[in-house]
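So the structure is just underneath, and the comments pick up after that.
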Amino acid sequence: MIIEKDINKFAKLFRGNIRSYGRWNPDTQTLSTDKGKVPIECFKLHLEGGTGLGIVPITDTDNCYFATIDIDAHNDQEKINLKKIDGLIQKHDLPIIPCRSKSGGVHCYVFCKRKIAASLLVAKLMDWAKIIGHPGSEIFPKQTSLSADQFGNWINLPYHNDGKIRAALWKGKRLNLSEFISVA
Numbered sequence: 001m002i003i004e005k006d007i008n009k010f011a012k013l014f015r016g017n018i019r020s021y022g023r024w025n026p027d028t029q030t031l032s033t034d035k036g037k038v039p040i041e042c043f044k045l046h047l048e049g050g051t052g053l054g055i056v057p058i059t060d061t062d063n064c065y066f067a068t069i070d071i072d073a074h075n076d077q078e079k080i081n082l083k084k085i086d087g088l089i090q091k092h093d094l095p096i097i098p099c100r101s102k103s104g105g106v107h108c109y110v111f112c113k114r115k116i117a118a119s120l121l122v123a124k125l126m127d128w129a130k131i132i133g134h135p136g137s138e139i140f141p142k143q144t145s146l147s148a149d150q151f152g153n154w155i156n157l158p159y160h161n162d163g164k165i166r167a168a169l170w171k172g173k174r175l176n177l178s179e180f181i182s183v184a
């Protein structure tokens, strides 16, 4: 069972743009973008295995509290080696937490205690993507600035259905939700 304290901490880790967010319906396999601030209930549903949640990392002030290297699996046969990526992260002492993604790829999350300019964070993640062997991977935020009429691109969050599929690996250990929050 997921406790309210973990839901609130998870939501704080994934602070992003308050004008839109993404949703993924696991039953119909459809994606949608909703306007407005993410209700806390959406985080709860995500963690419980209901509608999946995606967050736009860049805020309206062009800053971020988190960012992601998105390493895609390009076909059904390919599964990105999460253990190898975790090993490279540990070897190079990078502040990255790798998680299995919905598609079998890996999302490498970076969390910031204070807001950081999106342009600086994107540049740093591009460097780190090379170090972990995946240069050219997508970086979220995709934008380094947003105009008033832009909504930005969202990324699916980890720990859908309490991390039964999308969980983190840290120092060779699969993390439960509470452990992930502590490490982040």
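Counting along the sequence shown from 1, when you hit position 27 you're at 27 in the UniProt record's numbering, and nothing is skipped either side.
Each residue gets a CB set at the ideal place from its N, CA and C atoms; glycine is no exception.
- A distance below 8 Å separates the beta carbons of Asn153 and Lys142.
- With a cut-off of 8 Å on Cβ pairs, the stretch 37-53 is not in contact with the stretch 65-72, counting fewer than three such pairs.
- Counting along the chain, the unbroken beta strand (DSSP E) around Gly54 starts and ends at 52-55.
- Note on the stretch 92-168: whole alpha helix (DSSP H) runs with a minimum of 4 residues are 118-131, in chain order.
- In this structure Ala73 is in contact with Ser103, their Cβ atoms being roughly 6 Å apart against a cut-off of 8 Å.
- Taken atom to atom, the span from the alpha-carbon of Ala123 to that of Leu169 is near 24 Å.
- Shown here, Asn176 sits in coil according to DSSP, grouped into three states, outside any helix or strand.
- The criterion of a C-beta distance shorter than 8 Å is not satisfied by Val110 and Leu120.
- Phe10 sits in a helix when the DSSP states are folded into three classes.
- Cβ neighbours of Gly22 within its own chain (closer than 6 Å, five residues either side excluded): Thr33, Gly54, Trp154.
- Beta-bridge analysis with DSSP links Gly22 to Thr33, Gly54.
- Cβ neighbours of Ser145 within its own chain (closer than 6 Å, five residues either side excluded): Asp62.
- The Cβ atoms of Ala118 and Ile58 sit closer than 8 Å to each other.
- Taking the C-beta atoms as reference points, Arg15 is found no nearer than 8 Å to Lys35.
- Of all alpha-carbon atoms in Cys108, Ile2, Gly87, the one lying nearest the alpha-carbon of Glu138 is that of Cys108.
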